[in-house]
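Okay, so here's the structure we're looking at.
Numbering (mature numbering (1 follows the signal peptide of the UniProt record, and there is no 0)), first residue to last: -25 to -1, 1 to 79.
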């Protein structure tokens, strides 16, 4: 996975929230995030880079951007990432790193 700016059109972000549930089960947000990403079968080369990008997604959302915009940016900077997996990644990042923000 490359650095930040990962985004694409979310395919039912609300439906993906069910995938994010395991993220809250872990007390370590990084471990929970990586666990959710791994369980979804989303591939990455460096766990720390995946965590960094997940945190950047939260910062992007916190700046007022929409979930679908985040997913589009993620997809643009990571062409090997499917639309579906980009949407999941954003949802997992949101659940792990910005729990106070409303979903979707």
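In this text, a Cβ means the ideal position worked out from N, Cα and C, and glycines have one as well.
- Inclusion of residue 65 and residue 45 in the CB contact set at 7 Å is warranted, their separation being smaller than that value.
- Residue 4 sits away from residue 70, with the two beta carbons spaced by 7 Å or more.
- It is roughly 6 Å from the alpha-carbon of residue 17 to the alpha-carbon of residue 60.
- In its chain, beyond the 5 residues on either side, 9 have a beta carbon closer than 7 Å to the beta carbon of residue 22.
- The segment 19 to 75 is shown to contain whole alpha helix (DSSP H) runs of 4 or more residues at 22 to 37, 42 to 52, 58 to 72, in chain order.
- One alpha carbon belongs to residue 57, the other to residue 11, and they sit about 16 Å apart.
- Each residue's CA atom was taken as its position, placing residue 67 and residue 19 some 14 Å apart.
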